Amino acid sequence: MLDLKFIISNLEEVKAKTKARNYSFDFDSLIQKDALRKSVINEVEKLKADRNAISKQVGILKREGKDTTELQEQVKRDAGKMQELDSKLAEIDEEIRSMLLNIPNLIDDTTPIGKDETENVMVRKWGEPRKFDFEPKNHWDIGADLGIIDFERGVKIAESRFNVLAGIGARLDRAISSLMLDMHREKGYIEMSVPYLVNTKSMIGTGQLPKFAEEAYVCERDNLYLISTAEIPVTNLYSDEILDVKQLPVKNTSLTACFRREAGSYGKDTKGLIRNHQFNKVELVKICAQDKSVEEHESLTHDAEMVLQALNLPYRVMALSSGDLGFSSAKTYDLEVWLPGQNCYREISSCSNFKDFQARRANIRYRDADGKVKFAHTLNGSGLAVGRTLVAVLENYQNEDGSVTIPEALRPYLGGLDIIKKG
RNA sequence: GGAGAGAUGGCCGAGUAUGGUCGAAGGCGCUCGCCUGCUAAGCGAGUAUACUGGGAAACCGGUAUCGAGGGUUCGAAUCCCUCUCUCUCCGCCA
């Protein structure tokens, strides 16, 4: 959520930056509403000031045993008017809030301007794609052949885009998660185990609601939502709290299942593990002081990259262009891992700096060294998507005979196992 | 699921019977100053937020906020209603 005063005093900048992300918003009606709001406030507060003064007078006179009937009558005359204005004001406030909740974050000045993902900018590249002397297979073929991914039964017990990992597949998934959590813990992140169901307030806090309601699974009866990312519970852990600047930065990591309806993506990535309704992800979340988020964003991205390096998976870092940027983010780096089976780089992590956008919604603040209470900056990134990492391992480490070599870094988590073979 | 208790500032906690001088005692914490050869202790002062009007600003005024929403009243932390959440006991259960 943007600060209304900031919008008003920097209207042209806000309009331009909103347009840069292909968003249209009627700022003029927001400005009008705000003007209306101020005039109503003026009117009603004048009435209330009078009322309060008279009431105080009544109290004093009563104690002296004097008659106050006339004063009381005087206040009664304005009671209806006050109530009317109060409810009008409440209505206007609600309208303004709902408008504000639907305005995306301002893009950071270093975010490249571009119409969509084709204009994302590569920041750096790590590792060289392996040269195969055979035709590399897709992970769904590798997984099915090895009997470690069971797509049919996933569909049977749930619906399409659900899958089952079996045997070494399940263990590999767990090994990858453990490696990630251990690496992050060594970097000072605190591991958190959090609810997978959250309330509406939390969904609004991080920006999933009200705008993206169709993306979320809902438990209507209990008014709870399945999380689409650990960002939601882990960031909202600090909602309505005032942290001390000495506690910052808060650095948390959390492994959760993530649930996404993937509405509107029918036909895309229907095969394999790339776009499932449920997947595991290790998330990194930071809460920091306002002047620290730029460097914290860089280091968070670096922390996510280290997992790919530990697994020796080639990747590139892309700065998302304004047109591809998520609603709440000011700046995002996507990590894209090389997938030889599909002969392309695919997103495996998204590291974003939200600045104070989420903090305003979730009311996450801190007391700075100067004693002032300020909105914190929030950041998060996948570190990494576990399912997609599994995909990358299968495709990059596949052998001609259909077996898959286990990356060195994962072997300690698999009792020293170094290769997955058929049968 | 049944019965009961509760929700007050950064935190703890009084106030609720008897509505008014309560933005709210006291304590802790924090900030500044003093003091002590360091540390601790001690002494003094200060210490909510949002909105809004005026002002270049420092600042000054107003309104709101004691879980949320509504009601009674000239006036509500305090009385009434609804809701949410938390805790305790019982039941059930991984």
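Here the working numbering is used: position 325 in the first sequence is 309, and no number is missing along the way. Note that CB positions come from ideal geometry on N, CA and C, so glycine has one too. Being a predicted model, the structure only gives us computed values, none of them experimental.
Close Cβ partners of aspartate 228 (< 8 Å) along its chain, the five nearest in sequence each way excluded:
Mapped onto the first sequence, residue 228 falls at position 244. Closer than 8 Å at the Cβ level, and outside the excluded window around aspartate 228, lie Tyr350 and Arg351.
How big is the Cα-Cα spacing for glycine 371 and asparagine 26?
Taking the first residue of the first sequence as 1, we reach residue 371 at position 387. Taking the first residue of the first sequence as 1, we reach residue 26 at position 42. CA-CA distance, glycine 371 to asparagine 26, rounds to 56 Å.
With a floor of 4 residues, list each alpha helix (DSSP H) that falls wholly inside the segment 87 to 150, ordered by position along the chain.
Qualifying alpha helix (DSSP H) stretches, in chain order: 123 to 130 and 135 to 141.
Considering only the beta carbon of each residue, do valine 278 and leucine 368 sit closer than 8 Å?
On the first sequence, residue 278 is found 294 positions in, with the first residue counted as 1. On the first sequence, residue 368 is found 384 positions in, with the first residue counted as 1. Taking 8 Å as the Cβ cut-off, valine 278 and leucine 368 do not qualify as a contacting pair.
C-alpha gap between glutamate 29 and glycine 310, whole angstroms:
What you label residue 29 is simply residue 45 of the first sequence in a count that begins at 1. What you label residue 310 is simply residue 326 of the first sequence in a count that begins at 1. Approximately 40 Å between the Cα atoms of the pair.
For isoleucine 403, which beta-bridge partners are listed by DSSP?
Working through the first sequence from its first residue, we reach residue 403 at position 419. As DSSP reads the structure, isoleucine 403 sits in a beta bridge with Thr389.
Along the alpha helix (DSSP H) that carries valine 218, what are the first and last residues, could you check?
Position 234 of the first sequence, counted from the start, is the residue given in the question as residue 218. 215 to 220 is the span of the alpha helix (DSSP H), which, as asked, contains valine 218.
Please name the residue, chosen from Ile348, Arg344 and Leu394, that lies closest to leucine -14 on a Cα-to-Cα basis.
Here residue -14 is taken as the residue at index 2 of the first sequence, counted from 1. Taking leucine -14 as reference, the option from Ile348, Arg344 and Leu394 with the minimal CA-CA separation is Arg344.
State the DSSP-derived secondary structure class of glutamine 342, mapped to helix, strand or coil.
The residue given as residue 342 occupies position 358 in the first sequence. Three-state result, glutamine 342: helix.
Which term fits proline 217, buried or exposed, when burial requires 16 or more other beta carbons within 10 angstroms of its beta carbon?
As a position in the first sequence, residue 217 is number 233, starting the count at 1. Answer is buried; the Cβ neighbour count reaches 16.
Cα-Cα, which of Trp322, Glu280, Leu232 and Ala150 is closest to lysine 358?
Within the first sequence, the letter at position 374 stands for residue 358. Taking only the C-alpha atoms, the option nearest lysine 358 is Leu232.
Nearest-angstrom Cα separation, counted from lysine 356 out to lysine 115
Here the question's residue 115 lines up with position 131 in the first sequence. Here the question's residue 356 lines up with position 372 in the first sequence. Rounded to whole angstroms, lysine 115 to lysine 356 spans 57 Å at the Cα level.
By DSSP, does lysine 72 sit in helix, in strand, or in coil?
Here residue 72 corresponds to residue number 88 of the first sequence, with the count starting at 1. Assignment of lysine 72 by DSSP, reduced to helix, strand and coil, places it in the helix class.
In whole angstroms, what separates the C-alpha of alanine 314 from that of serine 305?
Your numbering for residue 314 matches position 330 in the first sequence. Your numbering for residue 305 matches position 321 in the first sequence. One C-alpha to the other measures close to 10 Å.
Within 10 angstroms of the Cβ of glutamate 280, are there 16 or more other Cβ atoms? Answer buried if so, exposed if not.
Position 296 of the first sequence holds residue 280. Under the 10 Å beta carbon count, glutamate 280 is surrounded by 16 or more other beta carbons and is classified as buried.
Going along the chain, which residues of its own chain have a beta-carbon closer than 6 Å to the beta-carbon of alanine 214, five neighbours each way excluded?
On the first sequence, position 230 is the one that residue 214 refers to. Closer than 6 Å at Cβ, skipping near neighbours: Ser238, Thr240 and Glu267.
Taking a contact to mean a Cβ-Cβ separation below 8 Å, would you say leucine 257 touches asparagine 147 in this structure?
Here residue 257 refers to the residue found at position 273 of the first sequence. Here residue 147 refers to the residue found at position 163 of the first sequence. Yes, the pair counts as a contact, with Cβ atoms nearer than the cut-off.
For the structure I just gave you, are there three or more beta carbon pairs, one from the segment 118 to 126 and one from the segment 47 to 60, closer than 8 Å?
The segment 118 to 126, when compared against the segment 47 to 60, does not touch it at the 8 Å Cβ threshold.
Between which residues of its own chain and glycine 111 is the CB-CB distance below 6 Å, once the five residues before and five after are set aside?
As a first step, residue 111 must be located in the first sequence, where it is residue number 127. Once the five neighbours on either side are set aside, the close Cβ partners of glycine 111 are Pro298.
Between the CA atoms of tyrosine 201 and isoleucine 188 - distance to the nearest angstrom
The sequence position of residue 188 within the first sequence is 204, counting from 1. The sequence position of residue 201 within the first sequence is 217, counting from 1. Spanning the alpha carbons of isoleucine 188 and tyrosine 201 requires a straight line of approximately 15 Å.
Starting from the Cα of glutamate 472, find the closest Cα among Asp93, Thr2 and Ala159 and give me that residue.
In this structure the chain extends from -15 to 407, so residue 472 is not present and cannot be described.
Assign aspartate 157 to buried or exposed, taking buried as 16 or more other Cβ atoms, counted over all protein chains shown, within 10 Å of its Cβ.
The residue given as residue 157 occupies position 173 in the first sequence. Classification of aspartate 157: buried, given that the 10 Å Cβ count is 16 or more.
At the level of alpha carbons, what is the spacing between glycine 131 and isoleucine -8?
Within the first sequence, numbered from 1, the residue matching residue 131 stands at position 147. Within the first sequence, numbered from 1, the residue matching residue -8 stands at position 8. Taking the straight line joining both Cα atoms gives about 60 Å.
Please report the straight-line C-alpha distance between isoleucine 271 and glutamine 192, rounded to a whole angstrom.
Along the first sequence, read from residue 1 onward, the residue named residue 271 stands at position 287. Along the first sequence, read from residue 1 onward, the residue named residue 192 stands at position 208. Going by the C-alpha atoms only, they are around 18 Å apart.
Less than 8 Å between the beta carbons of alanine 288 and serine 366, yes or no?
Residue 288 sits at position 304 when you count from the first residue of the first sequence. Residue 366 sits at position 382 when you count from the first residue of the first sequence. In this structure, alanine 288 places its C-beta atom within 8 Å of the C-beta atom of serine 366.
Could you tell me the alpha carbon to alpha carbon distance between isoleucine 211 and aspartate 70, rounded to whole angstroms?
Numbered from 1 along the first sequence, position 227 holds the residue referred to as residue 211. Numbered from 1 along the first sequence, position 86 holds the residue referred to as residue 70. Each residue's alpha carbon lies about 37 Å from the other.
Buried or exposed, going by whether 16 or more other CB atoms sit within 10 Å of the CB of threonine 254?
For the purposes of this step, residue 254 is identified with residue 270 of the first sequence, where counting begins at 1. It counts as exposed.
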